[in-house]
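Okay, so the sequence shown: first residue is 4 according to our numbering, each after it adds one. Virtual Cβ for every residue (Gly too), placed ideally from N, Cα, C. On a predicted model such as this, the values are computed, not experimentally measured, just so you know.
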Amino acid sequence: MVSLLPYCVYVLFSEADHLLYTGFTSNLEVRIKDHQAGRNISTKGRRPLQLIFCEYYLFEEDARKRETYLKTTAGKKALKFMLKSTMEKMGCQKIPK
């Protein structure tokens, strides 16, 4: 996966617990492989995981701010609104804190 913008905020769906995980990376392909291999403590027991959303940014600061926002109550509501159809079709129960 090649992008002209170097920083990414992403959302993964856990097929194990039907919850979402939001993260930040400068290399999405490697980061997803790390998640799938269990090298992330937050998602190790929640595999398999599926990428359902990502946004790219030119500057790291902007991507980190977006990740932080998406983890707030307002950000979780925004994700629910943006990904409503996806979440319903995948059986997502709720967005974790």
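- Let me know the secondary structure DSSP gives Ser17 once reduced to three states. In this structure, Ser17 counts as strand in the three-state DSSP scheme.
- Pick helix, strand or coil for Leu8, following the three-state DSSP scheme. Look at Leu8 here: in three-state DSSP terms it is coil, with no helix or strand label.
- Task: Note down, in chain order, each residue of its chain lying with its Cβ closer than 8 Å to the Cβ of Leu109, except the 5 sequence neighbours on either side.
- Result: The shown model of the chain, from 4 to 100, leaves out residue 109, and the question about it has no answer.
- Task: In angstroms with no decimal places, state the Cα-to-Cα distance between Arg50 and Leu73.
- Result: Arg50 and Leu73 have their C-alpha atoms roughly 21 Å apart.
- Item | Where the beta strand (DSSP E) containing Gly26 begins and where it ends | Residues Leu23 to Thr28.
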